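So the protein sequences, as listed, match chains A and B. So the first sequence is numbered by the working numbering: it starts at 426 and just counts up by one. So the second sequence is numbered by the working numbering: it starts at 2 and just counts up by one. All C-beta atoms, glycine included, are put in the ideal place defined by N, C-alpha and C. As the structure is a computational prediction, the values presented were derived from the model and not from experiment. Have a look at the structure below before the remarks.
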Amino acid sequence: EPEVTQTPSHQVTQMGQEVILRCVPISNHLYFYWYRQILGQKVEFLVSFYNNEISEKSEIFDDQFSVERPDGSNFTLKIRSTKLEDSAMYFCASSINFGAGELFFGEGSRLTVL
Amino acid sequence: GENVEQHPSTLSVQEGDSAVIKCTYSDSASNYFPWYKQELGKRPQLIIDIRSNVGEKKDQRIAVTLNKTAKHFSLHITETQPEDSAVYFCAASGGDKVIFGPGTSLSVIP
Numbered sequence: 426e427p428e429v430t431q432t433p434s435h436q437v438t439q440m441g442q443e444v445i446l447r448c449v450p451i452s453n454h455l456y457f458y459w460y461r462q463i464l465g466q467k468v469e470f471l472v473s474f475y476n477n478e479i480s481e482k483s484e485i486f487d488d489q490f491s492v493e494r495p496d497g498s499n500f501t502l503k504i505r506s507t508k509l510e511d512s513a514m515y516f517c518a519s520s521i522n523f524g525a526g527e528l529f530f531g532e533g534s535r536l537t538v539l
Numbered sequence: 002g003e004n005v006e007q008h009p010s011t012l013s014v015q016e017g018d019s020a021v022i023k024c025t026y027s028d029s030a031s032n033y034f035p036w037y038k039q040e041l042g043k044r045p046q047l048i049i050d051i052r053s054n055v056g057e058k059k060d061q062r063i064a065v066t067l068n069k070t071a072k073h074f075s076l077h078i079t080e081t082q083p084e085d086s087a088v089y090f091c092a093a094s095g096g097d098k099v100i101f102g103p104g105t106s107l108s109v110i111p
């Protein structure tokens with residue numbers, strides 16, 4: 426069964442460093458998302474992406490964040506200058522239907538900022 | 002924007018009993034309401050969903066109801082089993098994003 430894959434599974438970084446989290450969505454999906462989950466808290470929407478552009482972003486997704494689809498398979502989330510409060514699990518998701526269909530989540534990338 | 006509330010935050014039931022989780026949403030334009038189950042350390046996975054043109058949907062031991070007028074929707078799990086223990090998230094979507102509720106930690110006591 427096809428699934429969303431994410432790398433790395435865990436990254437430890439120093440405050441102020443840049444981090445890139447990578448995702449390979451399911452191949453026939455057209456809509457891509459990043460969500461964040463601080464330990465023990467809810468799954469928070471960051472950004473949705475379609476047709477090579479951001480379609481919606483939350484207040485969390487400020488100028489420190491960016492997304493890119495550099496080739497036909499990868500979807501990346503970049504945090505330019507990490508803060509302690511960026512420590513969380515970051516989930517990539519993809520779907521066939523925009524906003525009205527199942528989100529298929531990857532296993533997540535745990536980011537720890539020291 | 003959309004805001005989803007969820008109650009209770011924690012729920013303990015005896016094995017075999019029923020569990021009910023309730024959610025409310027704020028955006029009347031939302032038309033898709035999925036429920037996700039997240040086991041400890043794992044990714045969220047869809048367990049059931051309902052669209053705004055339907056009032057109730059059932060899948061084996063799981064059922065979901067939707068009251069669009071009141072902006073309420075609920076998850077019902079019957080004959081609970083220990084493997085139902087997890088965090089359950091309701092969510093609402095009206096377009097290009099799915100907004101999750103804060104989650105309910107369900108414990109099923111054998």
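Would residue i pass as a contact of residue j if the rule is Cβ separation under 9 Å?
i: S512 of chain A; j: L528 of chain A; result: no
i: S94 of chain B; j: S108 of chain B; result: no
i: A518 of chain A; j: V429 of chain A; result: yes
i: S473 of chain A; j: K467 of chain A; result: no
i: S452 of chain A; j: G533 of chain A; result: no
i: I485 of chain A; j: R447 of chain A; result: no
i: N4 of chain B; j: Y26 of chain B; result: yes
i: E16 of chain B; j: Q82 of chain B; result: yes
Have a look at the options and flag the residue whose alpha-carbon is nearest the alpha-carbon of residue i.
i: Q439 of chain A; options: A:I451, A:R505, A:R494, A:V472; result: A:R505
i: A64 of chain B; options: B:T11, B:S19, B:P111; result: B:S19
i: T501 of chain A; options: A:E469, A:N477, A:P427; result: A:N477
i: L76 of chain B; options: B:E40, B:D28, B:L12; result: B:L12
i: T507 of chain A; options: A:R461, A:Y475, A:Q436, A:E443; result: A:E443
i: K98 of chain B; options: A:Y458, A:I451, A:R494; result: A:Y458
i: Y471 of chain A; options: A:M514, A:Q436, A:N453; result: The displayed chain sequence assigns Leu, not Tyr, to residue 471 of chain A. Cα-wise, what sits closest to L471 of chain A is A:M514.
i: S106 of chain B; options: B:S29, B:N32, B:Q39; result: B:Q39
i: P9 of chain B; options: B:Y37, B:E57, B:C24, B:E3; result: B:C24
i: E57 of chain B; options: B:E84, B:V21, B:Q46, B:F74; result: B:F74
i: P103 of chain B; options: B:W36, B:Q82, B:K69, B:E84; result: B:W36
i: G34 of chain B; options: B:T79, B:L41, B:E16, B:I48; result: What sits at residue 34 of chain B in the sequence shown is Phe, not Gly. Nearest option by C-alpha distance: B:I48.
i: I22 of chain B; options: B:R52, B:Q7, B:T70; result: B:Q7
Would residue i be called buried (16 or more neighbouring beta carbons within 10 Å of its own) or exposed?
i: V88 of chain B; result: buried
i: R44 of chain B; result: buried
i: K59 of chain B; result: exposed
i: P495 of chain A; result: exposed
i: V492 of chain A; result: buried
i: L67 of chain B; result: buried
i: G531 of chain A; result: buried
i: V587 of chain A; result: Residue coverage of chain A in this structure runs from 426 to 539, which leaves residue 587 of chain A outside it and unanswerable.
i: D115 of chain B; result: Look at the range of chain B in this structure, 2 to 111, and you will see that residue 115 of chain B is not part of it.
Kindly say whether residue i, judged by its beta-carbon, lies nearer than 9 Å to any beta-carbon of chain A.
i: F74 of chain B; result: no
i: V99 of chain B; result: yes
i: Y26 of chain B; result: no
i: G56 of chain B; result: no
i: K69 of chain B; result: no
i: P9 of chain B; result: no
i: L47 of chain B; result: yes
i: R62 of chain B; result: no
Start and end of the beta strand (DSSP E) containing residue i?
i: S473 of chain A; result: 469-475
i: H8 of chain B; result: 5-8
i: I1 of chain B; result: Past the edges of chain B, shown from 2 to 111, lies residue 1 of chain B, and the structure says nothing about it.
i: I445 of chain A; result: 444-449
i: H77 of chain B; result: 73-78
i: M440 of chain A; result: Neither: M440 of chain A is in no beta strand (DSSP E) and is coded neither H nor E.
i: N68 of chain B; result: 63-68
i: E478 of chain A; result: 478-482
i: Q46 of chain B; result: 46-52
Determine, using beta carbons only, whether residue i comes closer than 9 Å to chain B.
i: E481 of chain A; result: yes
i: Q466 of chain A; result: yes
i: Y515 of chain A; result: no
i: L539 of chain A; result: no
i: G441 of chain A; result: no
i: S491 of chain A; result: no
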